[in-house]
Amino acid sequence: MSLIEVTDLRKRYRSTTVVDGVSFTIGEGETYGLLGPNGAGKTTTIAMVVGVLARDGGGVRLAGRAHEVTSLATKAMIGYVPQEIALYPDLTARENLAFFGRLYGLAGRDLRRRVDEVLDVTGLSERSREAVSKYSGGMARRLNIAAGLLNRPRLLVLDEPTAGVDPQSRGAILDAVARLAGEGVAVLYTTHYMEEAERLCDRVGILDGGRMRAEGTHRELVSLVGAGDHVLITVDGAAAGAVPALERTPGVTRVDADEARLELLVAESRAVLPLILDAVTGAGCAVRSLEVREPDLEAVFLKLTGRALRD
Amino acid sequence: MKALTIGLINLKRVLRDRSNVVFMLGTPILMILMLGLLFGGSREPRLGVSGAAGPLAERLVAALAAGGAVQVERVADAGRLRADVERGRLHGGLVIPQDYDAAVRSGGRADLRYVSLGRDWDAIDLESAVRAAVQRENTLLRAARYGVERGAGPFGERLAVVSRAAGDGAVRVTTTGEAVIPAGLGAFVFSAPPTLLLYMFLTALTTAIGLTQTRLLGVSRRMYASPTPARAIMAGEVLGRLLICLAQGLLIMLGSALLFGVGWGDPLGAAAVLVVFTLVGGGAALVLGSVFRREGPVITLGVLLGLGLGALGGTMVPLESFGEGMRRVARFTPHAWGYDAFTALVRRDAGLLDVLPQVGVLAAYAAALFAVGLWALRRSLVRG
Ligand SMILES: Nc1ncnc2c1ncn2[C@@H]1O[C@H](COP(=O)(O)OP(=O)(O)OP(=O)(O)O)[C@@H](O)[C@H]1O
Ligand SMILES: [Mg+2]
Chain A
280 MSLIEVTDLR
290 KRYRSTTVVD
300 GVSFTIGEGE
310 TYGLLGPNGA
320 GKTTTIAMVV
330 GVLARDGGGV
340 RLAGRAHEVT
350 SLATKAMIGY
360 VPQEIALYPD
370 LTARENLAFF
380 GRLYGLAGRD
390 LRRRVDEVLD
400 VTGLSERSRE
410 AVSKYSGGMA
420 RRLNIAAGLL
430 NRPRLLVLDE
440 PTAGVDPQSR
450 GAILDAVARL
460 AGEGVAVLYT
470 THYMEEAERL
480 CDRVGILDGG
490 RMRAEGTHRE
500 LVSLVGAGDH
510 VLITVDGAAA
520 GAVPALERTP
530 GVTRVDADEA
540 RLELLVAESR
550 AVLPLILDAV
560 TGAGCAVRSL
570 EVREPDLEAV
580 FLKLTGRALR
590 D
Chain B
770 MKALTIGLIN
780 LKRVLRDRSN
790 VVFMLGTPIL
800 MILMLGLLFG
810 GSREPRLGVS
820 GAAGPLAERL
830 VAALAAGGAV
840 QVERVADAGR
850 LRADVERGRL
860 HGGLVIPQDY
870 DAAVRSGGRA
880 DLRYVSLGRD
890 WDAIDLESAV
900 RAAVQRENTL
910 LRAARYGVER
920 GAGPFGERLA
930 VVSRAAGDGA
940 VRVTTTGEAV
950 IPAGLGAFVF
960 SAPPTLLLYM
970 FLTALTTAIG
980 LTQTRLLGVS
990 RRMYASPTPA
1000 RAIMAGEVLG
1010 RLLICLAQGL
1020 LIMLGSALLF
1030 GVGWGDPLGA
1040 AAVLVVFTLV
1050 GGGAALVLGS
1060 VFRREGPVIT
1070 LGVLLGLGLG
1080 ALGGTMVPLE
1090 SFGEGMRRVA
1100 RFTPHAWGYD
1110 AFTALVRRDA
1120 GLLDVLPQVG
1130 VLAAYAAALF
1140 AVGLWALRRS
1150 LVRG
């Protein structure tokens, strides 16, 4: 059963419709990615889901209850990591966390323990008594996430939590999110990095111009594009000799040869790969290298919107 | 409860910054000290006298100098006198007409001319002292003249008699009627209330920046994402500002009382004015902190309004020295009403009931500011 059901969300600013009928559901332990370019309406959608922005239409149900901007009981179940570093820069990490912890009803020893825990999870324990303004961008991002974990949320909502961080911090953030999902937390994750969506999310919704263009697992979305995988092979000597055998191989839909390079289009590379290798070696060519390229969300996005995901 | 948490974090942020503490604690006390020394007349004000030098004129000069409250200095002519007053070497000048002795003796009229810029405490102090002395001398001269007309004796003798009868022979300078500064009050009594108003309002407005930051950083939105109702967030942000403004007021009140012995008058009255002015400051900060989407205008307007309204409201230069028109304009500032109330409490021994009109006007200011401020804050919170 889904933990959260979002139906037909709508938001207008003056005459422009910024979110236009967005619906999705997320189950416990599931990670759902909202993928879209700048201005797609990700943050606006998330703000309405979290309940910090009044919506113009649609509904949100969380754990079977209607969730509104005034629903304190359901707000208590959500951990929110905003796109911006929403912390007091002049206070220390610990002071910030203690403050937000109190707003979630924590106090005394419970509060201290939970602050220690989230500092530990985000790897900030050592520098918890420093002012946030002294933090590096990556550390501030991690603290921003830590503040969203204080209430042990059942739904964790992260709005581009890796924007502007180094690859190492990004890896740590993605790992932490994956671990939480593993513990049963439902995760709503927005990004305009398709690699993150591919790596982290069980299901992805592609948002553009306030509309949900497509939704599904990575595989499902990729199948929308219709194309199979690309297999690139380099051989010793001329590759042309292997073409007839490859064209006869079941599952291979197209073969191009260019000197020592072969480029194949195949339906399902995992199943066909052994047959391809047999065909190439059977034609007397020695394989020097082989590369499989699966179509990615970038390609899906391009196909759906006619534009690249990132400018 | 959560409102208190939010209020206290605001207080913590302000006190965390050392420069804020210096600003809130040190500079107002310094300002009281400086204004006190500058305007409070720690030395006797200097009065220049030019013109007639007959015995009766000298009598008047002696009367002015008697009591030691005024330092009298002879100046060669009226032109010099005027120049010295304009340059600030003298706080005021008295021109005695050449026919003074003759006119007075014959029971006629002598027109004295008083020259003053009237723009600081010393000048105001001096003017009232001169008025009082002249008035008293006038009374004695009339009495002597009356005796002469009744055939009681020559003018000189009659004057000596009535002077003896009136007091210690020489004339004492006593301020009567609408004296601005009653005798026996220290200089700081005049500088402390305006400084209190100026700083309370200025400090309150600086807290607007904190609110704008909280909104722009997304911290208020994050608060709203937690199980905290909008009204608790608003109450907390308001409370934070009121606490800071009140702390500033109390610091100045207690600091000036302890360091300079300033008495703030009727405790109930002073508390009432302090509280409503806190509400005005907090309300202004709420409006300023809630309406803008950038920090720049908040800082600029905060300083501009804090200093501008303060100056206009008589907290830098005494309200009493304003001209009619400016005084009417000053009425639009909350400072002027606070100034009035504190003046009554501190200098005229007024009580809570006497300052109720001023307290009422300030409360109306606060109510209007809160209506606008809460509306704007709520809008920024829920509408994004
Ligand atoms: N308060 C507002 N008033 C008017 N328009 C707004 C407001 N907030 C957002 N918008 C507009 O709504 C659209 C969607 O914005 P949103 O922030 O949801 O996009 P996003 O997908 O999060 O983009 P990004 O990747 O840049 O964060 C944008 O065109 C933006 O200009
Ligand atoms: Mg966004």
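Keeping their order, the protein sequence lines are chains A and B.
Numbering follows the working numbering, with no gaps: position 56 of the first sequence is 335.
Numbering follows the working numbering, with no gaps: position 93 of the second sequence is 862.
For glycine and all other residues, C-beta sits at the position ideal for the given N, C-alpha and C.
Scanning A/R498, A/E363, A/V397 for the CA closest to the CA of A/L376 turns up A/V397. Across the set B/A1137, B/R990, B/A1110, B/A847, the C-alpha of B/R990 shows the shortest separation from the C-alpha of B/R1148.
Across the set B/L1150, B/D1123, B/S1090, B/D870, the C-alpha of B/L1150 shows the shortest separation from the C-alpha of B/L985. Non-local C-beta neighbours of A/A333 in its own chain, meaning closer than 7 angstroms and more than five positions away in sequence, comprise V348, ordered along the chain.
Here A/D438 has T322, I325, P361, Q362, T469 as same chain residues with Cβ atoms under 6 angstroms from its own Cβ, once five neighbours each way along the sequence are excluded. Neighbours of B/G987 in chain A, taken as residues at a C-beta separation under 7 angstroms, are given in chain order as P361, E363, A365. When Cβ pairs closer than 8 angstroms are counted between the two stretches, the stretch 363-371 of chain A is seen not to touch the stretch 966-973 of chain B, the count staying below three. Contact of B/V1056 with chain A is not assigned, every C-beta pair being separated by 8 angstroms or more.
Residues are counted here when their Cβ sits less than 7 angstroms from a Cβ of chain A; for the stretch 967-994 of chain B these are L986, G987, V988, R990, R991, M992, Y993, A994, given in chain order. Listed in chain order, the non-local C-beta contacts of A/E494 below 6 angstroms within the same chain comprise G484, local neighbours out to five positions each way being set aside. The straight-line gap separating the alpha-carbon atoms of B/M1095 and A/L351 is approximately 53 angstroms. B/P962 carries a helical assignment under DSSP once its states are collapsed to helix, strand and coil. In this structure, DSSP gives B/M1003 a helical state, which the three-state scheme calls helix. Taken in chain order, the members of the stretch 772-784 of chain B whose beta-carbon sits within less than 7 angstroms of a beta-carbon on chain A are T774, I778, R782. Not one heavy atom of ligand 1 sits closer than 7 angstroms to the Cβ of A/H346. Only those residues of the stretch 467-500 of chain A whose C-beta falls short of 8 angstroms from the nearest C-beta of chain B would be listed, and there are none. Across the stretch 341-361 of chain A, CB contacts with chain B closer than 8 angstroms involve V348, T349, L351, A352, K354, A355, I357, Y359, P361, in sequence order along the chain. Residue pairing by DSSP puts A/T296 in a beta bridge opposite A/R291. Proximity of the stretch 1041-1051 of chain B to the stretch 1125-1132 of chain B meets the contact definition, three or more beta-carbon pairs being nearer than 8 angstroms. B/T997 belongs to the set of residues whose beta carbon lies under 8 angstroms from a beta carbon in chain A.
Contacts between B/V1151 and chain A, judged by CB atoms closer than 7 angstroms, involve A333, V348 in chain order. Note on geometry: alpha-carbon atoms of A/T528 and A/A536 lie some 15 angstroms from one another.
Put simply, the stretch 499-516 of chain A touches the stretch 537-552 of chain A. At least three CB pairs are less than 8 angstroms apart. The alpha carbon of B/V1086 has as its nearest neighbour, out of B/A835, B/A892, B/M793, B/E813, the alpha carbon of B/A892. Screening all residues for a C-beta within a distance smaller than 7 angstroms of any heavy atom in ligand 2 leaves A/K321, A/T322, A/Q362, A/D438, A/E439, A/T469, in chain order. The three-state reading of DSSP puts B/A912 in helix, counting H, G and I together.
Pairing A/A539 with A/V514 gives a Cβ-Cβ distance under 8 angstroms.
Within 7 angstroms of the C-beta of A/N423 there is not a single heavy atom belonging to ligand 1.
Inter-segment contact for the stretch 820-833 of chain B and the stretch 792-801 of chain B is absent: fewer than three beta-carbon pairs are separated by less than 8 angstroms. Residues of chain A with a Cβ closer than 9 angstroms to the Cβ of B/D786 are, in chain order, D369. By the Cβ-count criterion, A/T496 is exposed, with fewer than 16 other Cβ atoms from all chains shown falling within 10 Å of its own Cβ. Residue burial annotation: A/D287 is exposed, with fewer than 16 other C-beta atoms found within 10 angstroms of its C-beta. The Cβ atoms of B/G1038 and B/G916 lie no closer than 8 angstroms to each other. Here the stretch 832-850 of chain B makes contact with the stretch 892-910 of chain B; the two share three or more CB pairs at distances below 8 angstroms. Taking a C-beta cut-off of 8 angstroms against chain B, the contacting residues of the stretch 369-395 of chain A are D369, L370, E374, F378, F379, R381, L382, Y383, G384, listed in chain order. About 6 angstroms separates the Cβ atoms of B/G1018 and B/L965, confirming a contact at the 8 angstroms cut-off.
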